[in-house]
Amino acid sequence: MPFGLVNAPYFFSKLMAQVLENCDTFAVPYLDDIAIYSENWEDHLKHVDEVLKRIGNAQLTIKPSKCKFAQNHTKYLGHIVGGGVRSPAEAKIKAVMEFPKPKTKTQIRAFLGLAGYYAHYVKNFSLIAAPLTQSLKGKIKKEGVNWTQDCNRAFTELRNRLTEIPVLHAPDYNREFIVQTDASDLGIGVVLSQRNDKGEEHPVLFLSKKFTDAQRKYGTTEKECAAIIYAITKLRYYLDGQQFTIETDHNPLVWLNSNAGANQRFMRWSLALQPFRYKVVHKAGKNT
1 MPFGLVNAPY FFSKLMAQVL ENCDTFAVPY LDDIAIYSEN WEDHLKHVDE VLKRIGNAQL
61 TIKPSKCKFA QNHTKYLGHI VGGGVRSPAE AKIKAVMEFP KPKTKTQIRA FLGLAGYYAH
121 YVKNFSLIAA PLTQSLKGKI KKEGVNWTQD CNRAFTELRN RLTEIPVLHA PDYNREFIVQ
181 TDASDLGIGV VLSQRNDKGE EHPVLFLSKK FTDAQRKYGT TEKECAAIIY AITKLRYYLD
241 GQQFTIETDH NPLVWLNSNA GANQRFMRWS LALQPFRYKV VHKAGKNT
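Written out as structure tokens, the structure reads:
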């Protein structure tokens, strides 16, 4: 396939999806990159053999010098993955750390795009980045920005959070998920986590979202409800069919149950919760 064609990525991705059909439990293709993962060595040999056979049958070739086999950890799509955990690749973290202080909106967008790729690693990413996103408001894209102390703190904190080399654990569907939610005046913070055999809690991913102007007018309990609805909506892939725990510093669902008929929004929230199996645990003073 010729390089540079606008439609080349689409058609090549479609081709690889066909070549690796029904291999989704052990092979993940992204354009010309394929990650093969297995629980043990015996399965891994079978999986690698299956992928290589399919590539050969499709009359495709691979370059051995660009392949890595039998790796405990490997770099894939900007992440270091393996052993049931993943973390940002060092080269990407270095790029974040060496990013110069933005002077234009274009540079702020570039920084947020670079750091935002790893938003799932940073607790309350959207809330920390709020001063930077706020500074983007305006009609002229490349005009200079009013770089406030809040912008500087946000820029520094995001870089510092990522240089701590955060680690996320792979979800284990044989263990109960824990969904921690918190709502502030600014927005929503969510942590999806699980406990290991030792009872140690490890994060699977972080989510966050700024409130809209309309949502900022909600009362405290409404904001906590909105946080839970946002969490289960975004985490549906993990939570469908699973028993899980919701940890919150309020008990807004009791309030929601008694006010579900008050307006259409409360009714929608109440209906959104019905398909899920969960219990609510009150965590006083929790800081998500």
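So for the sequence shown, the UniProt record's numbering puts the first residue at 1; every next one is plus one.
Think of the CB as a built atom: it goes at the ideal place given N, C-alpha and C, for glycine as much as any other residue.
**Study point:** DSSP three-state assignment for residue 175, whether helix, strand or coil
**Key:** Of the three classes helix, strand and coil, the one that applies to residue 175 here is coil, per DSSP.
Review point. CB-CB under 6 Å to residue 102, same chain, minus the five flanking residues each way: which ones, in chain order?
Key: 108, 111
Practice item. Could you name the residues of the same chain whose beta carbon sits closer than 7 Å to that of residue 58, not counting the 5 residues immediately before and after it, in chain order? Key: Setting aside the 5 residues that flank it on each side, residue 58 is surrounded in the same chain by 19, each with a C-beta closer than 7 Å to its C-beta; the list follows chain order.
Check your understanding: Is the Cβ-Cβ distance between residue 126 and residue 210 less than 7 Å?
Key -> yes
Check your understanding: When DSSP builds the beta bridges, which residues end up paired with residue 33?
Key -> 30
Review point. If you drop the 5 nearest sequence neighbours on each side, which residues of the same chain put their C-beta closer than 6 Å to that of residue 287?
Key: Annotation note: pLDDT 47 at residue 287 (below 50); position unreliable, coordinate value reported separately. Same-chain partners within the cutoff: there are none.
Exercise for review: Would you check if the distance between the CB atom of residue 169 and the CB atom of residue 81 is smaller than 7 Å?
Suggested key: no
Practice item. Identify the continuous alpha helix (DSSP H) that holds residue 107 and give its terminal residues. Key: 105-116
Review point. In three-state DSSP terms, what is residue 287?
Key: Note that residue 287 scores 47 on pLDDT, short of 50, meaning its location in the model is unreliable and no value can be drawn from it.
**Study point:** residue 92 - containing alpha helix (DSSP H), residue span
**Key:** Run containing residue 92: 90-97, per the alpha helix (DSSP H) assignment.
Check your understanding: Where do the N-terminal and C-terminal ends of the alpha helix (DSSP H) with residue 81 fall, by residue?
Key -> Taken as a continuous stretch (DSSP letters only), residue 81 belongs to no alpha helix (DSSP H), being part of the beta strand (DSSP E) at 79-82.
Review point. Span of the alpha helix (DSSP H) holding residue 364?
Key: Any answer about residue 364 is impossible in this case: the structure gives the chain only from 1 up to 288.
Review point. DSSP three-state call for residue 275: helix, strand or coil?
Key: coil
Practice item. Name the residue from 165, 185, 186, 192 whose alpha carbon lies nearest to the alpha carbon of residue 178. Key: 192
**Study point:** Three-state class that DSSP yields for residue 237 in the structure shown
**Key:** The answer is helix: DSSP assigns residue 237 an H, G or I state.
Review point. Between the Cα of residue 200 and the Cα atoms of 185, 272, 175, 121, which residue gives the shortest distance?
Key: 175
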